Amino acid sequence: MIVAVLVVLVTLGSVAFHMWSPWWWSEIASNWVGMDDTIILTFWITGAVFVAIGLFMAYCIWKYKYNKDKRADYEPENSKLEWALTIITTIGVIALLAPGLIVWKNFVTVPKGAYEIEVVGQQWYWMYRLPGKDGVLGTTDIKNINDDNPFGLNTDDPHSVDDILIDADDLHILKDQTLKLNLRALDVLHDFYVPQFRAKMDMVPGMITYYWFTPIKTGTFEILCAEYCGTGHYSMLGYVIVDEEEDYNEWLSEQMTFEETLASNGKSDLIKIALNKKNDL
Amino acid sequence: MAADSYDDVAKNKDSIPSLEVPPQDLYHAKSWWTKYIFCQDAKVIGIQYALTAVAIGMVGLVSSWLMRMQIAFPGVIPMEAGAYYQLVTMHGMIMVVYLLTALFLGGFGNFLIPLMVGARDMVFPYVNMVSFWVFFLAVIILAASYFVPGGPTGAGWTLYPPQAITSGTPGGDGLGIVLMLVSLAVFVIGFTMGGLNYVITILQARTRGMTLMRLPLTVWGIFTATVLALFAFPALFVAGIMMTLDNMLGTSFFMPAIVEFGERLTYDGGSPILFQHLFWFFGHPEVYIVALPAFGIVSDLISVHARKNIFGYRMMVWAIVVIGALSFIVWAHHMYVAGMNPWFGFFFATTTLIIAVPTAIKVYNWVLTLWRGNIKLTIPMLFAIAFIITFVNGGLTGLFLGNVAVDVPLSDTYFVVAHFHMVMGIAPVLVILGSIYHWFPLITGRFLNERLGRIHFWVTFIGSYSIYFPMHYLGFMGVTRRYFEVFEGDNFTYSIIGINQFITVAALITGAVQFLFFYNIIVSSKFGKKAGKNPWKACSLEWQTPDVPPTHGNFGKELPVVYRWAYDYSVPGADKDYITQDTPPSAVANAKAEQT
Ligand code: HEM
Ligand SMILES: [Cu+2]
Ligand SMILES: [Cu+2]
C-alpha cells in the first residue's frame, strides 16, 4: 500500500513540479518558435506516457500484492496486446519526429539574402566581423594571424579591406534582420549560444560552421560558451544587443574597418595589394 | 570430469538433447595465491572485478560530492577551475567505464554466466584470470594520473581534441591525458579477453537442454552488451592511439592548424570532428553496454519477485538484439550541433527515434509482468520498480534530445546531464543495488539486513530522483554544463542558487547512505540471517547448485539438464508456484506449462 502510494506521489509530484516550477525558459527572442512548440508537443506526449506507466504500475503493486493463497496468472505471451502497443508507440514516435524534422529542415536551410557575419571564438573570448560596405566577408587563413591581424584576414583579398572588426565580447545586431552566423574557432572547440535565441552550433578550428536566425525582440542577451573549451570555459561570456535601426547605426559608425585598424597601427602597407585590386574592381 | 558420467541421464525417459561440447577439465588451485589472487574460478574473478570497480567508483562518487559542493556552496571547499574540470572528467570516465562497464560485464558477467547457462566455468579460465589483472592494471594507471605533475586530465570524459591535448586544459600538456589514454587502451585489451570468454561460453558451453531461447534474460542482456563492446571498444582504442600520436609525435589526425594563446602550433590538416565520430561510435553503444545487462537483470528480478513469468519473453529477446544492432547507427545524435554536415541530422534523428520503439516494448513488458502477478515487495523488487520509474523518465527525455531540432536548444545544458544520469547513471545503479540484494544469499549464503536495506532503498531512490528531476528545468533555462562557477545568467527567469543547493544536499545524502549499504554488506556477510538453498524460490540454474555458495566447478558431480525456460512461475496445475529449469516434465506431470 505504502509503496503504491509513493509511486503515485513520485509520478504526480513530477507533474506538479512541471506545472509550478518557476525555472522555465526565458521568453524567446528569435524566430525559432518552432523549437519551443516541438518541445511542448514532446512534453504532452511523453508526459502522458510517463503518467500512464507510473499509475498503472502503482495500480498493479496495490492490486496484486503477494498473497500466499493466490497464484499469478500464467500467460507467457499475448501477441495481440504486444502488437497493439508496438503500433501505438510507433504512431507516437512519428508524431514527435515529423514536426521535429520540419523545424530542422528550416534550421539547415539558410534563407536567401541573410546578412552574413562572422563570430570567432578563442580561449576565452569572442570576436566578431561584419562584411562592411561591399557586403562580402573577406577570406581568412589561420596562418595570417598576428597582433595586427587577429582575424587572419587575407591581405590580398579586396573584400577584406572594408570588413568591420569587433575585437570585443559584445555584439550589436539589428532587430528583424535575418543573420547567418559564420562560426570560426582559432584554437579549440567553442559554441556560440544565446539561450533566448535557442539556436547553437559548435565552432570548430579548421572549418567554418554556421547557423541562422532572426532576432525578433530588442534587448540585451547573454552569450554563453556551450562547448567545453578548457579552464576558462565558464568565463567565456558576452552580450548580444538587439537594437532598433537608429541605435544600431550609431554603434556601427563607431566601429573600425580592417583598413582603419591597420592605419591606426601604422601598418597600412600590409594591405597595399588588396587596396590596388579593390580599385581595379 | 569424465564424459561417461552423463550416460544414465541420457537414458531418462524425458527427452534430452545430446552433449555438444565435452566436459571441461578445471584448474584446481594449489596454493593461497592461485586460490584468491590469480584465481581461475569465474565466481572469484567476478568478485574481484566488482570490488575493484566499486573501489575506483568511490573516487567517482567523492568527486561528484566535491563538484556539487563547488556548484552550490562555492568556497566551502576551496578549488580552482582546473581542479573542478579534473573532477568532472575523472568522475564521468570512472563512472561509465571503470565502474559500470566493469561491474556489469566483468562482475555480474563472470559470476552469473557459467552458473546460469549450466557450465562449470568460463571456457578459457586462464585468459579470464589475466583479463581481470589487465583491468586492474588499467585502474592503477588511471589512479596514477592523480600523482603526476599537472594532475589528471580535465578534458571532459569525451576527451575532445584539440582541447584535450593543448595547454588550456588541465593535464593537456602534461602526463594526465597520456595516462588516461593509455589506461583506456589497457582497459580495452583486458576487456577483450574477458568479452570473448563471455560470448564463447554462452554460445558453446551451455548445458544440455539449455537452448538459446531458454536462457534467462540476464544472460541475453550481458551477451548482447558484450558483443556490442567487442565491436565498439576498438573505435575508442584507435581514437586513443591516434590522439596519443598527435600528442607525443606531433601527427595531425585530429589537429587542424591552430593558434593557441597567440602561438601557432605545428599541427595542420587534421579533423576534430573525426575524433568525435570515432568517440561516439564507441560512446553510444557504451550507453547500451551499461543498459542492456541492466535490462536483462531487472527482467529476472521482476519475474522472480512477482512470481510470474516474464511477459513476452521472445519479444524481450528480440528487443534486446534489435536495440543492440540499432545502437550502432545512432551515434551522431551526440553531434547534432557539433558542426558536422547538418543534413546528417535527418538520418540520425530518425534512427534514434526508431530505437524508442523496442525500448518502449521492454518497459511495457516489465509492467505487464507485474500485472496480474503475485508481487512480493522484497528489496530487489523495490529497486526494480524504482528502476522502471527512473528509466522511463530518462528514456522519455531521450525523445527530446534525439529529435534533432529539440536538441539544438538543450544540448550542452543541464538537461543533458539530467537525462544521461537518469538513464545510464541512476537506472543501472538501481539495478546493481537490487541485484546485490538478490544474489547476496547465493554469494555468501546469508541475507542482507532487511531494515537497513529498506532505509538504503528509500533514501537512494527518492534522493537520486530529487537530484536529477529538477535538474532538467535548469536545462530548459539554458544553464550550460561544465561551468565551474555558480552561474546566475542575466536573463534567467528565476534564481538557480536555491535549487542547486537543494540538489547538492540531496546528492550528499544519497551518497552517504551508500556507506550504510557497505556496512550492511560487511556485517551481513558474517552475521546475516542464513538463507539456505534457493531462498527466493527462483527457477534459474544458479540457485540449483548442490552447495550454497556454489563451489569451484559449480554443479558438483553432474551438470544439470535443462527442460524448460527460466520463467515457469505459477504454472497452473503445479503444486508449487515455481518449476526450476532442471525439473523434468515427468516430475511435474500435472503442470500445464506452455513453453518448455
Ligand atoms: C550520486 C550520484 C552522482 C552525482 C551527484 C553526480 C554528479 C555529477 C555532476 C555534478 C557532473 C558535472 C555535470 C557537468 O557540469 O557537466 C557529472 C557529470 C557526469 N556524470 Fe555524474 N553524478 C553521479 C553519478 C553518476 C553515475 C552513476 C554515472 C554513470 C554513468 C555518472 C556519469 C557522469 C558523466 C558521464 C558525466 C559527464 C562528465 C563530463 O562532463 O565530462 N555520474 N555528474
Ligand atoms: Cu567554452
Ligand atoms: Cu547516444
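Line order of the protein sequences matches chains A and B. Mapping to numbering that gives the first Met the number 0: the first sequence position 263 is 262, numbers consecutive. Mapping to numbering that gives the first Met the number 0: the second sequence position 116 is 115, numbers consecutive. Beta carbons are placed, not taken as given, at the ideal position from N, Cα and C, and that holds for glycine. What you are looking at is a predicted structure, and each value in this text was computed from that prediction instead of being measured.
Selected residue, minimal CA-CA separation from residue i, among the options
| i | options | result |
| --- | --- | --- |
| B/Ser585 | B/Asp576, B/Tyr568, B/Arg563, B/Ser569 | B/Arg563 |
| B/Thr368 | B/His304, B/Val430, B/Val416, B/Pro379 | B/His304 |
| B/Phe598 | B/Ile378, B/Leu447, B/Gly239, B/Pro549 | Because chain B is modelled from 0 through 595, residue 598 of chain B falls outside the range shown and cannot be assessed. |
| B/Gln47 | B/Gln513, B/Val133, B/Ile201 | B/Val133 |
| B/Thr168 | A/Thr230, A/Asn148, A/Val7, A/Thr85 | A/Thr230 |
| A/Ile207 | A/His189, A/Leu80, A/Gly46 | A/His189 |
| B/Ile578 | B/Val560, B/Pro548, B/Ala537 | B/Ala537 |
| B/Arg119 | B/Thr206, B/Asn308, B/Val407 | B/Thr206 |
| A/Gly218 | A/Thr154, A/Leu11, A/Ile86, A/His171 | A/His171 |
| A/Leu281 | B/Val366, B/Ile272, B/Gly397 | The displayed coordinates of chain A run from 0 to 280. Any statement about residue 281 of chain A would go beyond what the structure contains. |
| B/Val43 | B/Pro571, B/Met78, B/Ser130, B/Leu99 | B/Ser130 |
| A/Ser234 | A/Pro75, A/Asp140, A/Gly120 | A/Gly120 |
| B/Arg306 | B/Met423, B/Ala204, B/Ala565 | B/Ala565 |
| B/Ile454 | B/Trp438, B/Asn519, B/Asn490 | B/Asn519 |
Beta-ladder partner(s) of residue i, from DSSP
| i | result |
| --- | --- |
| A/Ser29 | A/Pro214 |
| B/Leu445 | According to the sequence provided, residue 445 of chain B is Arg. The question's Leu does not apply to it. B/Lys529. |
| A/Lys199 | Its beta-bridge partners do not exist; DSSP assigns none. |
| B/Tyr197 | According to DSSP, which records beta bridges pairwise, B/Tyr197 is partnered with nothing at all. |
| A/Arg128 | A/Glu117, A/Leu164 |
| B/Arg263 | B/Val258 |
| A/Met255 | A/Leu164 |
| A/Asp268 | In DSSP, A/Asp268 forms no bridge with anything. |
| A/Ile222 | A/Gly237 |
| B/Thr550 | For B/Thr550, which the question treats as bridged, DSSP gives no partner whatsoever. |
| A/His189 | A/Met202 |
| A/Asp169 | A/Tyr238 |
| B/Leu300 | Paired residue(s): none; B/Leu300 is not in a bridge. |
| A/Thr139 | A/Leu152 |
Alpha-carbon spacing of residue i relative to residue j, whole angstroms
| i | j | result |
| --- | --- | --- |
| B/Ala224 | B/Gly488 | 41 Å |
| B/Ser569 | B/Phe310 | 13 Å |
| A/Ser252 | A/Val239 | 17 Å |
| B/Met315 | B/Pro357 | 9 Å |
| B/Met380 | B/Trp370 | 14 Å |
| A/Leu136 | B/Gly153 | 36 Å |
| B/Tyr312 | B/Ile384 | 19 Å |
| B/Phe110 | B/Pro292 | 13 Å |
| B/Phe517 | B/Ser434 | 14 Å |
| B/Phe501 | B/Ile466 | 8 Å |
| B/Glu449 | B/Ile378 | 8 Å |
| B/Ala364 | B/Ile388 | Note on identity: in this sequence residue 364 of chain B is Asn, with Ala being the wrong assignment. For B/Asn364 and B/Ile388, the distance between alpha carbons rounds to 14 Å. |
| A/Ser263 | A/Gly112 | 33 Å |
| A/Lys104 | A/Pro98 | 10 Å |
| A/Gly109 | A/Leu96 | Correcting the residue identity first, residue 109 of chain A is Val in this sequence and not Gly. Cα to Cα, A/Val109 sits roughly 21 Å from A/Leu96. |
| B/Pro215 | B/Lys529 | 26 Å |
| B/Ala573 | B/Tyr84 | 60 Å |
| B/Phe483 | B/Ala80 | 6 Å |
| B/Ala355 | A/Gly91 | 10 Å |
| B/Ile257 | B/Ser30 | 58 Å |
| A/Val32 | A/Lys216 | 13 Å |
| A/Leu8 | A/Ala15 | 10 Å |
| B/Thr51 | B/Val416 | 26 Å |
| B/Tyr266 | B/Thr210 | 55 Å |
| B/Ser4 | B/Val561 | Low confidence applies here, because B/Ser4 scores a pLDDT of 40, under 50, leaving its location unreliable and the question unanswered by this model. |
| B/Asp581 | B/Pro559 | 6 Å |
| B/Val336 | A/Tyr114 | 21 Å |
| B/Tyr413 | B/Ile495 | 12 Å |
| A/Asp169 | A/Trp123 | 13 Å |
What does the shell around ligand 2 hold, if a residue joins when its beta-carbon is under 6 Å from any heavy atom?
-> A/His189, A/Cys224, A/Glu226, A/Tyr227, A/Cys228, A/His232, A/Met235
Between the stretch 35-42 of chain B and the stretch 87-98 of chain B, do at least 3 Cβ pairs fall closer than 8 Å?
-> no
How about the stretch 186-198 of chain B and the stretch 146-164 of chain B: do they share at least three Cβ pairs that are nearer than 8 Å?
-> no
Report yes or no: do the stretch 121-136 of chain A and the stretch 162-172 of chain A share at least 3 C-beta pairs separated by less than 8 Å?
-> yes
Would the stretch 269-282 of chain B and the stretch 342-354 of chain B be scored as touching if the rule is three or more Cβ pairs under 8 Å?
-> no
Are there three or more Cβ pairs, one per stretch, closer than 8 Å when the stretch 190-197 of chain A is compared with the stretch 471-486 of chain B?
-> yes
Segment contact, 8 Å Cβ cut-off, at least three pairs: the stretch 393-403 of chain B with the stretch 416-428 of chain B | yes
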